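Here's the structure we're looking at; comments come further down.
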Amino acid sequence: MNPNKALSDFLTEHGIHHVLVTCALSGGADSVCLLYCLNAVAEKFHLQVSAVHVQHHLRGEESQRDELFCRQLCEKWNIPLQVVPVDVRGLAEKKKISVETSARECRYSVFSACECDYVATAHTASDNLETVLFRVARGTALQGLCGIPAIREKFIRPFLNVSRIEIESFLQEKKIAFVNDSTNFSDDYSRNFIRHQIIPAVKKLNPSCEQNCFRMTETISQDADFLELSAQNAYAECFHPESRSLKFLQNYHPAIRRRLIAHFLKENHFSPSLAQITAVEKLLHEGGKIDLDRSGVMVCYGRNTLWLESQRNDCPSKTLELGENTIFQGVFLHAEVIDKTNSEKFATVHKKFTDSVLDYDIIKGYAELHARKAGLSFLPAGKKHHVFIKKWLNSSVAPELRRTIHFLSDESGLLWVEGLGVAERAKITDSTNHMLFLYLSRN
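The numbering of the sequence shown is the numbering used here, which starts it at 10 and goes up by one.
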């Protein structure tokens, strides 16, 4: 497709006009063509066009040549240019990643910081095919077959249906110069190997493979969007915020179920791989628990419920703060002391919330909120026998809720257990002068 027409069609389809657009300019054929076309349609679409060149300092004199070329080109076309130097090798060493990955992170960090409405990058149909083939070779799910997205956040890619050959022919016709990156001719990089060895072989099967891949990724993207929306709706149905668990996952189609598992793991700070999602799916059939990443956080399944358990005590004890909201284990706690002289409020609270109101005067030292601890026992108000907390949790509390139960203690032991109520020694009596009122609400 003609690059100018492709850009105009893209801007029209997505309603992009009266905006600031910054072109990511390397000096190569694709980005030079994109800048030329943006400048050509700027008046029609009321665009303010600028460019940004990221100086990687990776290729010595060649890097300096690219920067000089971009400066001269933008000066010739009267387009504002920002040149941003980055330390690619330094970031690669610091994060222990490849130079190729570091360069990409540096570029997108610069692009994200650009003060504009959109950053236009010159990814082509050829880049899209390379990306899909690379992901297929490495192993991917449906999302990986969607290729390069045409729009994501502030990034737009108007040339995804234009091949590299079409771009070079366009530039040749317009007599527009560009520079070549010498590393593009080496097969040392995976993408270059795909570009030079794999794609020519695929084109022997079908010369239109780039356009066919573009149409495929468009269709798959629509399907993936539908599945993702369906999964979001399903997540709202099966997620239980109180226990932070998923229930009845087996009721969903495998395609939705895998997305529910992935979303649940991401919500809990995992970066789930396909292998991990598959491991959790297996857990749904066998029950039990697994440690996905050796972090000590177990993924558990039982009673049609999926939840997480920490093998460590990630919730250290916290001194109770009176008269203000306190977040503890993802819970809002309000603690208020009510004086007996406020007889009306005293009587109302005493009658309505007897399981969450304590005799404040008997507290020894300071009151402390904490998670469950080994060996705890508790004598509930009005009972004759102690309750062993572990036995009570195992017999009366769903597994996914056991690590969310809160305890309040002072120097003499337990004062209150969520779900069990107040200790016998802390219950309200006729001699109570001050009450401690507790109210819990989960986010």
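We put the beta carbon where it would ideally sit given N, CA and C, even for glycine.
Just so it is clear, the structure is predicted and the values come from calculations on it, not from any experiment.
Rounded to the nearest angstrom, how far is the Cβ of lysine 454 from that of aspartate 190, given a contact under 8 angstroms? The chain is shown only over 10 to 452; residue 454 falls outside these bounds and no answer can be derived.
So, alanine 38 versus leucine 180, is the Cβ gap smaller than 8 angstroms? Here residue 38 is taken as the residue at index 29 of the sequence shown, counted from 1. Here residue 180 is taken as the residue at index 171 of the sequence shown, counted from 1. Cβ distance < 8 angstroms, so alanine 38 and leucine 180 count as in contact.
Run the CB neighbour count on histidine 65, radius 10 Å, all protein chains shown included, and call it buried at 16 or more, exposed below. The sequence position of residue 65 within the sequence shown is 56, counting from 1. Of the residues assessed, histidine 65 falls on the buried side of the cut-off, its CB having 16 or more other CB atoms within 10 angstroms.
Could you give the first and the last residue of the continuous beta strand (DSSP E) run that contains threonine 110? As a working mapping, residue 110 is identified with position 101 in the sequence shown. Here threonine 110 belongs to no beta strand (DSSP E); instead the alpha helix (DSSP H) covers 108-122.
Use the C-beta contact count for threonine 350: other C-beta atoms within 10 angstroms, 16 or more gives buried, fewer gives exposed. By 1-based counting over the sequence shown, the position of residue 350 is 341. With fewer than 16 other beta carbons inside 10 angstroms of its own, threonine 350 counts as exposed.
Uninterrupted beta strand (DSSP E) stretches inside the stretch 357-406 (no shorter than 3 residues): Listed in chain order, the complete beta strand (DSSP E) runs (minimum 3 residues) inside the stretch 357-406 are 366-368 and 377-379.
Could you check whether isoleucine 88 and alanine 49 sit closer than 8 angstroms to each other, using their CB atoms as the reference points? For the purposes of this step, residue 49 is taken as the residue at position 40 of the sequence shown. For the purposes of this step, residue 88 is taken as the residue at position 79 of the sequence shown. Taking 8 angstroms as the Cβ cut-off, alanine 49 and isoleucine 88 do not qualify as a contacting pair.
Could you spell out the range, first to last residue, of the alpha helix (DSSP H) harbouring alanine 233? Locating residue 233 in the sequence shown gives position 224, counting from the first residue. Residues 218-247.
At the level of alpha carbons, what is the spacing between serine 304 and glutamine 231? Within the sequence shown, numbered from 1, the residue matching residue 304 stands at position 295. Within the sequence shown, numbered from 1, the residue matching residue 231 stands at position 222. Approximately 36 angstroms, taken between the alpha carbons.
Is isoleucine 185 closer than 8 angstroms to valine 41 when the C-beta atoms are compared? The count along the sequence shown starts at 1 and reaches residue 41 at position 32. The count along the sequence shown starts at 1 and reaches residue 185 at position 176. Going by C-beta atoms, valine 41 is nearer than 8 angstroms to isoleucine 185.
Compare the Cα-Cα distances from leucine 274 to each of Leu317, Glu246, His262 and Ser239 and report the closest residue. The sequence position of residue 274 within the sequence shown is 265, counting from 1. With respect to the C-alpha of leucine 274, the residue from Leu317, Glu246, His262 and Ser239 having the closest C-alpha is Leu317.
Which residue marks the beginning of the beta strand (DSSP E) containing valine 306, and which one marks its end? Mapped onto the sequence shown, residue 306 falls at position 297. Note, valine 306: beta strand (DSSP E), 306-311.
Leaving out five residues before and five after glutamate 177 in sequence, what residues of the same chain have Cβ atoms less than 8 angstroms from its Cβ? If you number the sequence shown from 1, residue 177 lands on position 168. Here the set comprises Ala38.
Relative to the C-alpha of valine 171, which candidate in Pro12, Asp18 and Asp370 has its C-alpha closest? In the sequence shown, residue 171 corresponds to position 162, counting from 1. With distances taken between Cα atoms, valine 171 lies closest to Pro12.
Neighbour-count burial assignment, glycine 99, 16 or more Cβ in a 10 Å radius: By one-based count along the sequence shown, residue 99 stands at place 90. Exposed.
Just verifying my parser: in three-state terms, what is the DSSP assignment at isoleucine 270? For the purposes of this step, residue 270 is identified with residue 261 of the sequence shown, where counting begins at 1. It is helical.
Which residues does DSSP list as the beta-bridge partners of serine 450? The residue given as residue 450 occupies position 441 in the sequence shown. For serine 450, which the question treats as bridged, DSSP gives the partners Phe341.
Just to confirm the assignment, what range does the alpha helix (DSSP H) spanning tyrosine 45 have? For the purposes of this step, residue 45 is taken as the residue at position 36 of the sequence shown. Where tyrosine 45 is concerned, the enclosing alpha helix (DSSP H) stretches over 38-54.
What did DSSP end up calling histidine 528 once you bin it into helix, strand or coil? As displayed, the chain neither begins before 10 nor continues past 452, which places residue 528 out of reach and without an answer.
Alpha-carbon spacing of valine 58 relative to valine 30, whole angstroms: Taking the first residue of the sequence shown as 1, we reach residue 58 at position 49. Taking the first residue of the sequence shown as 1, we reach residue 30 at position 21. Rounded to the nearest whole angstrom, the CA to CA distance from valine 58 to valine 30 is 5 angstroms.
How should histidine 294 be labelled, buried or exposed, when 16 other C-beta atoms within 10 angstroms of its C-beta is the threshold for buried? As a position in the sequence shown, residue 294 is number 285, starting the count at 1. Taking a 10 Å sphere around the C-beta of histidine 294, we find fewer than 16 other C-beta atoms and assign the residue as exposed.
For histidine 23, count neighbouring Cβ atoms within 10 angstroms of its own Cβ and tell me buried if that reaches 16, exposed if not. Stepping through the sequence shown from its first residue, residue 23 is reached at position 14. So histidine 23 ends up on the exposed side.
Per the DSSP calculation, glutamate 318 is bridged to which residue(s)? Translated into positions along the sequence shown, residue 318 becomes position 309. Partner(s): Met307.
Tell me the rounded alpha-carbon separation between cysteine 309 and glutamine 259. Your numbering for residue 309 matches position 300 in the sequence shown. Your numbering for residue 259 matches position 250 in the sequence shown. Rounded to whole angstroms, cysteine 309 to glutamine 259 spans 15 angstroms at the Cα level.
By the three-class DSSP mapping on this structure, what secondary structure does valine 289 have? For the purposes of this step, residue 289 is taken as residue 280 along the sequence shown, with counting starting at 1. Of the three classes helix, strand and coil, the one that applies to valine 289 here is helix, per DSSP.
Under a three-way DSSP split, which group does aspartate 323 fall into? Within the sequence shown, the letter at position 314 stands for residue 323. Residue placement at aspartate 323 is poorly supported in this model, since its pLDDT is 48, which falls under 50; the coordinates still yield a value, given next. Three-state result, aspartate 323: coil.
Assign glycine 156 to one of three DSSP states: helix, strand, or coil. Mapped onto the sequence shown, residue 156 falls at position 147. Of the three classes helix, strand and coil, the one that applies to glycine 156 here is coil, per DSSP.
Opposite lysine 298 in the DSSP bridges: which residues? If you number the sequence shown from 1, residue 298 lands on position 289. Paired residues: Cys309.
Three-way DSSP call (helix, strand, coil) for aspartate 190 in this model: One-based indexing of the sequence shown puts residue 190 at position 181. Three-state DSSP puts aspartate 190 in coil, outside helix and strand.
With distance defined between alpha-carbon atoms, name the residue in Phe120, Lys85 and Cys83 nearest to valine 95. On the sequence shown, position 86 is the one that residue 95 refers to. That would be Phe120, whose Cα lies nearest to the Cα of valine 95.
Could you name the residues of the same chain whose beta carbon sits closer than 7 angstroms to that of threonine 130, not counting the 5 residues immediately before and after it, in chain order? Along the sequence shown, one-based indexing puts residue 130 at 121. Correct list, in chain order: Ala33, Phe164 and Arg166.
Going by CA-CA distance only, name the one from Arg253, Leu367 and Leu385 that's closest to alanine 432. Within the sequence shown, the letter at position 423 stands for residue 432. Nearest C-alpha to alanine 432: Leu367.
Any contact between the stretch 405-416 and the stretch 369-376? By contact I mean 3 or more CB pairs, one from each, below 8 angstroms. Cβ pair count under 8 angstroms is below three, so no.
Whole angstroms are fine: how far does the CA of arginine 147 sit from the CA of lysine 14? The count along the sequence shown starts at 1 and reaches residue 14 at position 5. The count along the sequence shown starts at 1 and reaches residue 147 at position 138. Each residue's alpha carbon lies about 34 angstroms from the other.
Distance check for aspartate 136 and histidine 205, CA to CA, integer angstroms please. Within the sequence shown, the letter at position 196 stands for residue 205. Within the sequence shown, the letter at position 127 stands for residue 136. Histidine 205 and aspartate 136 have their C-alpha atoms some 12 angstroms from each other.
Thinking just about the alpha-carbon of each residue, which of Gly153, Leu151 and Leu169 is nearest to the one in alanine 159? The residue labelled residue 159 in the question sits at position 150 within the sequence shown. In terms of CA proximity to alanine 159, Leu169 leads the group Gly153, Leu151 and Leu169.
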